[in-house]
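For reference, the structure discussed in these notes is given below.
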Amino acid sequence: MKGKFVSLEGCEGSGKSTQTRLLSAYLEEQGTDFLFTREPGGSTISEDIRRIILNGQYAEKMSPECEALLYAASRIQHLKQVIIPALEAGKLVLCDRYVDSSFAYQGHARGLGMDYIEKINATAMEYQPDLTLFMDINPVQAFERKHGADKGDRIEQEGIEFHQKVYEGYKILEDRFPARFVAVDCSGTKYETQDKIRAILKERGII
Ligand code: TYD
33 MKGKFVSLEG
43 CEGSGKSTQT
53 RLLSAYLEEQ
63 GTDFLFTREP
73 GGSTISEDIR
83 RIILNGQYAE
93 KMSPECEALL
103 YAASRIQHLK
113 QVIIPALEAG
123 KLVLCDRYVD
133 SSFAYQGHAR
143 GLGMDYIEKI
153 NATAMEYQPD
163 LTLFMDINPV
173 QAFERKHGAD
183 KGDRIEQEGI
193 EFHQKVYEGY
203 KILEDRFPAR
213 FVAVDCSGTK
223 YETQDKIRAI
233 LKERGII
């Protein structure tokens, strides 16, 4: 594939959105040919699936398997309709969350196991990112920093124990995919974190 594929990962409140915004602004300034997209979503069908997954009314009713399969369905549509064509066109694709979110949230925190997630995401596993930037901050610290300003969707309604498990899940991925999975220490200011992200992208020849 001609383009490069970079995913951004992190727990709730890790500052992932802020970092993505700062990075997008920088890439625009540099005139980089890039596409910013997100999961779950990024295409009309996938955005519709997103509304079902994140609907707060389904909080207690949705089974973990249904949740994982909906994320996988949203992902495959997005991959085929948006990501692959952009990579073939030589673009840098920045994706806010990808299959690692399913490993951390559904595989580890919901307890479905990594093998199950790998199986239902078989095609996505063939298109792994060149680089995954993991916004590394413990959820307790992150929640304190955010002053509990939650948006109240179905996943964000979960307690702190759930988010700790998600964090643990990401830490497992660091060992599982050492070549592409890079943890970015987010304990400093947002500008310090952004500098670290740009340095990693430059080191790897992505920008
Ligand atoms: P979003 O509002 O986009 O959250 P964030 O800004 O934190 O990325 O909602 C996405 C939610 O979906 C988030 O809580 C993480 C969750 N998620 C999974 O549980 N599994 C997945 O595979 C993906 C892509 C997201």
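Read in order, the letters of the sequence shown are residues 33 to 239 in the working numbering.
Glycine included, each C-beta is placed from N, C-alpha and C at the ideal position.
A quick note: this is a predicted structure, and the numbers were derived from the prediction, not measured.
For the ligand TYD, any of its heavy atoms closer than 6 angstroms to the Cβ of residue i?
i	result
Tyr-103	yes
Pro-171	no
Pro-161	no
Pro-72	yes
Arg-129	yes
Ser-134	yes
Glu-97	no
Tyr-199	no
Leu-41	For the record, residue 41 in the displayed sequence is Glu; it is not Leu. The answer is no for Glu-41.
Ser-49	yes
Glu-190	no
Tyr-202	no
Tyr-137	yes
Glu-150	no
Glu-44	yes
Can you name, in chain order, every residue of its own chain whose Cβ lies under 8 angstroms from the Cβ of residue i, other than the five neighbours on each side?
i	result
Gly-42	Lys-48, Phe-166, Met-167, Asp-168, Ile-169, Tyr-202, Cys-218
Ala-156	Ala-104, Arg-107, Ile-108, Leu-111, Tyr-130, Val-131
Lys-197	His-140, Ala-141
Lys-34	Leu-119, Glu-120, Ala-121, Gly-122
Val-214	Leu-163, Thr-164, Leu-165, Phe-166, Ile-232
Lys-222	Gly-47, Thr-50, Gln-51, Leu-54
Just to check my reading of the structure: residue i and residue j have Cβ atoms closer than 8 angstroms, yes? What is that Cβ distance to the nearest angstrom?
i	j	result
Leu-126	Thr-52	7 angstroms
Leu-163	Val-38	5 angstroms
Leu-124	Lys-36	5 angstroms
Lys-228	Val-216	5 angstroms
Gly-63	Gln-189	At roughly 41 angstroms, the Cβ-Cβ gap does not stay under 8 angstroms, so Gly-63 and Gln-189 are not in contact.
Ile-149	Ser-134	5 angstroms
So, at 6 angstroms on beta carbons, what are the nonlocal neighbours of residue i in its own chain, with the 5 sequence-adjacent residues on each side left out?
i	result
Glu-79	Gly-73
Ser-56	Phe-68
Phe-175	Gly-45
Among the residues of its own chain, which have a CB less than 7 angstroms from the CB of residue i, if the five just before and after it don't count?
i	result
Ile-152	Ala-100, Leu-101, Ala-104
His-20	Only positions 33 to 239 of the chain appear in the structure, and residue 20 is not among them; the question remains open.
Glu-200	His-140
Arg-250	Here the chain covers residues 33 to 239 and nothing more, so residue 250 does not appear.
Going by the DSSP bridge assignment, what does residue i pair with across the sheet?
i	result
Cys-127	Ser-39, Thr-69
Thr-76	Partner(s): none; Thr-76 has no beta bridge.
Ala-121	Answer by DSSP bridge pairing: none, since Ala-121 is not bridged.
Leu-165	Leu-40, Val-214
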